[in-house]
Structures are given as structure tokens and as C-alpha cells.
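Trainee: Per the working numbering, the sequence shown starts with residue 986, numbered consecutively.
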Amino acid sequence: MTTSFLFTGGNVLDAEAGILRQGLEVLITDQRIAAIGTGLARPEGVEVIDLAGKTIMPGLVDCHVHVVAETLDLWANMIAPASLAALRSARVMEEALQRGFTTLRDLGGADYGLVRAVNEGLIAGPRLIICGKGLTTTGGHADLRQRTDDRPGLFSDRLGSMGLIVDGVDHVRAACRTMIKEVANFIKVMANGGVSSPNDPIHSIQYSRDEILAMVEEAENAGMYVAAHVYTDKSIARCVELGVHSLEHCNLIEPDTAKKAAEKGCIAVPTLVAYDALALEGEALGLGATEFAKIEVVRSGGLRSLEIMRDAGLPMAFGSDLLGQLRKYHGMEFELLAKVLTPQEIIRSATVIGAKLCRLEGQVGVVAEGAFADLLVVDGDPLSDISLLQDDGAHMPIIMANGRIVKNALN
């Protein structure tokens, strides 16, 4: 198997600076970018790939996915045998990779087995950053039981479950330590009501201050951070005050809170496409009036939230949060972001900012010597036409993940 590649004749996209650099060659050896420059030496056995003026850029980072949510029927995901759930998750990951996403940050569900499956080459998927299960209160966002269902902690230990029901400071600490022991990279908390859960209005505040402080302390003790599911300004402000680092969704954020979050060094992860997709497909999927009302509350604030966070200097990482059949709308997030943000800002969100949130700065999201060889070859310049990153990879003739070419439409 070829382990050395030399890309020539293309333009290198510098995601941090937001410019194209011309006349550079990129040498890949094993899993890394070995050299970037002009007139590079050609190692024995290297495969030379002439890009003929196309753009070579970093692989994309999606910072909010749920790879175990193969179907929108969340109960069906949970009751599936672990072997079936894992195989379905592999398919979800492979689809994302073929769209150009070479790193996925999973916000509830994926376990260390899936991480190892990618690392060992059993799954042709993106590298995976995980939190284990999202922590939820009884009746909170990841508690999918109907009000009359009093069975305890239902299915929380299944691979297809995205959440773990845990109440009280001591139990929260134990749950965090379990996630960390099971190789989580960060802790996820459901701190606000949600769309897909039956018993919690969007504006409901979840977990006590002491419980969230316990999560933050346990995460920081392990050199990690807490990511919070939040929509409302009140919940976001509370999480920022308590030391939460990653703010997921943020549709209803206000300027003062966005400024405080930026000052604290937080990173936001807007996921606008999740709500547009639900609005498009929800009726056919059986959503009722209550769910549609929730969707519209958060959807209506989406574009405004982008403006507020951008103007406050709050960094934003790219996220999608598409479940089940809605994954086909993955590329639409670029289209929605482009209503407010420039292509340069969008590409930074899906590369260098995402890498920072994954604690992989300099390793992914960049075309740089020593970085992992997660690369895309694009037909044209995405800095002038962001739609080149849409359409399920149709404009990406080459996709490379960890030094291995997983798509090559140039040959």
C-alpha cells in the first residue's frame, strides 16, 4: 500500500489566514504532512498527484454529531443490539467522511470501541472525539421516557443511547469519573430543555449550580472541559458563569452574554441546519404540534445568534446535530451560515476553530508540516464559493483521512 504521496500543481488553502497559497507542493508520509514547499524531494515509491490548479485544504471538522443516532426513532437506536448499533454508526461515519468531514466530535453516544475501530482501520471513518453519554436530569433533555414511564435509567448503558440520567452532586461526580475512565475527551451536560425530548420545555433550566460546578471541577481535574446543550440566554449565561467551556446551539443568546462568553474563552457551536431540517421533514416523520412549536422557537433565533456571536468575538465551531434520516442535509449548514458569515469565517469554523475545540490544534484543520494528513482536494476556490463544500462531496475529487486516500475521482 502506498504510504507516500506528493500533491503538485495545486493551490494550498490557509484556513487561519483565509487565503490561497500558490506554487506549493505537499508531501505526505504515512499519516502526516511531511513537508510543504517548492521543488520538494521525491522519496522512492512516492505517488505523485497533479492537482491541475485545484485547491488542497484541510479536512473538515464537525463539532456536534451523534453517530449512534442512525434513525430519528431514538428508542429504536437504544434497543438495537450493540453489534447492530456499532455497524450502523460505522455507516453514519463513513457517510460523513465522504462529505469531507475527517474529524467528528460526538456529543453523546459514541464509545471508545468506535474510536478504536477507526484508529485500527476497521471503520473507514473520521477520527472521533467523544464525551461518552450526555448527562441529563430526570425528565431532562436526554430522558426520553414518557411521563407515565417510571422504569429507572432506561437503556442508558446501551451504545445507541445518547444520554445518562444522573441526579445529585455525588452521582454527577461518579458519572463524570466513569466517562473519563472510559476515555471521554470532555463532559457533556444537558443544561436546557430540548426539541427531541418529551417532558422539558425549551426554557427549562436543568441541573443545579452545584451539580454543574461538580462537572466542571471533575473535568478540569482531568484536564478536560464541559460542553453544555443550551438555547436560552439565561441558561447560557449561567453556564458561562459556572465555568462551562463549550456552548452548543446558543440560538437565543443575547449580546451581553456573548461578550462575557468571549471574555471567558468559551467556544460556541451553532447547529442551525438541525432545525431547518426538522421543519422540512418533521410532519412526514410524525412530529406533533408541541415539537413543531419547540422547533420554531429555536429556529427563529438562529441567524440572529450568528450575528450576535460574531460581533461579540465569540469563536464559533461548525456543528450539524442531524439525527437519522436528516443527515442528508449535512451540507445545508454551509448555506445557512453563509447568510451571515463570510466563506473565510465559515471555513475557519470548520477547520482551525473546530480543531481547537477538539484539543487538536496544529494536528487537524490545517495544512501544515507535522499535522495529520486529513486533506481535501476541491474543484475551485471555496474561499470565493462556499457551496463547493456542499453536495455530499461532489466537488471533492480527493478525500484523504489520516494519510489514506478514501476517495479518488481524479483517476
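Yeah, the Cβ is synthetic: ideal placement off N, Cα and C, and Gly gets one too.
Per DSSP, N1393 is paired with what?
Mentor: In DSSP, N1393 forms a bridge with I1383.
Trainee: From R1162 to D1152, what distance separates their C-alpha atoms?
Mentor: One C-alpha to the other measures close to 15 Å.
Trainee: Per DSSP, which residues does Q1007 bridge with? Please list them.
Mentor: According to DSSP, which records beta bridges pairwise, Q1007 is partnered with N996.
Trainee: For C1048, which of K1245, T1327 and E1318 has the nearest alpha-carbon?
Mentor: Nearest of K1245, T1327 and E1318 to C1048, Cα basis: E1318.
Trainee: Assuming F1319 is part of the beta strand (DSSP E), what are its boundary residues?
Mentor: That residue, F1319, is in no beta strand (DSSP E); its alpha helix (DSSP H) goes M1317 to L1322.
Trainee: Out of curiosity, what's the CA-to-CA distance linking A1019 and L1322?
Mentor: Those two C-alpha atoms are separated by around 33 Å.
Trainee: Looking only at its chain, what residues have a beta carbon closer than 7 Å to the beta carbon of Q1007, apart from the 5 residues adjacent to it on each side?
Mentor: Once the five neighbours on either side are set aside, the close Cβ partners of Q1007 are N996.
Trainee: With burial defined as no fewer than 16 other Cβ atoms inside 10 Å of the residue's Cβ, what is the status of Y1192: buried or exposed?
Mentor: With 16 or more Cβ atoms within 10 Å of its Cβ, Y1192 is classed as buried.
Trainee: Among residues of its own chain, excluding the 5 on either side of Y1216, which ones have a beta-carbon nearer than 6 Å to its beta-carbon?
Mentor: N1177, I1187, H1234, N1236, L1237 and V1283.
Trainee: Tell me whether I1115 sits in a helix, a strand or coil according to DSSP, three-state version.
Mentor: Here I1115 sits in coil by DSSP.
Trainee: Considering D1155, what are the terminal residues of the alpha helix (DSSP H) in which it resides?
Mentor: Start and end: V1154 to K1166.
Trainee: For D1128, which residues in the same chain have their Cβ closer than 6 Å to its Cβ, ignoring the five residues on either side in sequence?
Mentor: Excluding residues within five positions, the ones whose Cβ falls inside 6 Å are T1121 and I1150.
Trainee: Evaluate the contact criterion for the region 1356-1376 versus the region 1037-1052: three or more CB pairs, one atom per stretch, below 8 Å.
Mentor: The region 1356-1376, when compared against the region 1037-1052, does touch it at the 8 Å Cβ threshold.
Trainee: A1095 and G1309 - do their beta-carbons sit closer together than 8 Å?
Mentor: No, the Cβ-Cβ distance between G1309 and A1095 is not below 8 Å.
Trainee: What number of angstroms, rounded off, separates the C-alpha of L1272 from the C-alpha of R1295?
Mentor: One C-alpha to the other measures close to 33 Å.
Trainee: Can you give the Cα-Cα distance for M1063 and E1080, rounded to whole angstroms?
Mentor: Going from the Cα of M1063 to the Cα of E1080 covers about 21 Å.
Trainee: Within 10 Å of its beta-carbon, does P1255 have 16 or more other beta-carbons around it, so buried, or fewer, so exposed?
Mentor: P1255 is buried by the Cβ-count criterion.
Trainee: Going by DSSP, what residue range makes up the beta strand (DSSP E) through G1098?
Mentor: G1098 -> not in any beta strand (DSSP E); alpha helix (DSSP H) instead, spanning Y1097 to N1104.
Trainee: Shortest alpha-carbon distance to I1280 belongs to which of S1305, Y1260 and D999?
Mentor: Checked all of S1305, Y1260 and D999; the closest Cα to I1280 is Y1260.
Trainee: I'd like to check one pair, L1082 with A1109: are the Cβ atoms closer than 8 Å?
Mentor: Yes, Cβ-Cβ distance for A1109 and L1082 is below 8 Å.
Trainee: Cβ atoms of V1077 and R1312: under 8 Å apart, would you say?
Mentor: Yes, these two residues count as a Cβ contact at 8 Å.
Trainee: Can the beta-carbon of C1343 be found less than 8 Å from the beta-carbon of V1046?
Mentor: In this structure, V1046 lies closer than 8 Å to C1343 by Cβ.
Trainee: Unbroken beta strand (DSSP E) runs of length 3 or more, entirely within the region 1230-1279: which are they?
Mentor: Runs found: 1231-1237 and 1252-1254.
Trainee: Kindly identify the DSSP beta-bridge partner or partners of P1397.
Mentor: Residue 1397 lies beyond the range of the chain shown here (986 to 1396); nothing can be said about it.
Trainee: Just verifying my parser: in three-state terms, what is the DSSP assignment at S1193?
Mentor: Three-state DSSP puts S1193 in coil, outside helix and strand.
Trainee: Does I1004 pass the burial test, meaning 16 or more other C-beta atoms within 10 Å, or should it be called exposed?
Mentor: Burial call: exposed.
Trainee: To the nearest angstrom, how far is it from the Cα of Q1016 to the Cα of D1359?
Mentor: For Q1016 and D1359, the distance between alpha carbons rounds to 8 Å.
Trainee: As a quick exercise: from A1204, S1141, N1170 and E1276, pick the residue whose alpha carbon is nearest that of G1179.
Mentor: Looking at the Cα atoms, E1276 is the closest of the given residues.
Trainee: Using DSSP's beta-bridge definition, name the partner residues of M1063.
Mentor: In the DSSP output, where bridge partners are listed per residue, M1063 has none listed.
Trainee: Since M1175 is in the alpha helix (DSSP H), which residue starts that stretch and which ends it?
Mentor: From DSSP, M1175 is part of no alpha helix (DSSP H) but of the beta strand (DSSP E) over I1172 to M1175.
Trainee: Using the beta-carbon count (16 or more within 10 Å), is A1169 buried or exposed?
Mentor: Per the 10 Å Cβ criterion, buried.
Trainee: Since G1022 is in the beta strand (DSSP E), which residue starts that stretch and which ends it?
Mentor: From DSSP, the beta strand (DSSP E) with G1022 extends over R1017 to G1022.
Trainee: For the candidate residues I1383, F992, L1257 and L1144, whose alpha-carbon lies nearest to that of A1071?
Mentor: Minimum Cα distance to A1071 is reached at L1144.
Trainee: Note down the Cα distance separating I1013 from Y1210, rounded to an integer number of angstroms.
Mentor: Cα to Cα, the separation comes out at about 33 Å.
Trainee: Starting from G1148 and walking both ways along the alpha helix (DSSP H), at which residues does that stretch end?
Mentor: Premise fails: G1148 lies in the beta strand (DSSP E), G1148 to I1150, not in any alpha helix (DSSP H).
Trainee: Starting from D1218, trace the beta strand (DSSP E) both ways and give me its first and last residue.
Mentor: That residue, D1218, is in no beta strand (DSSP E); its alpha helix (DSSP H) goes D1218 to L1227.
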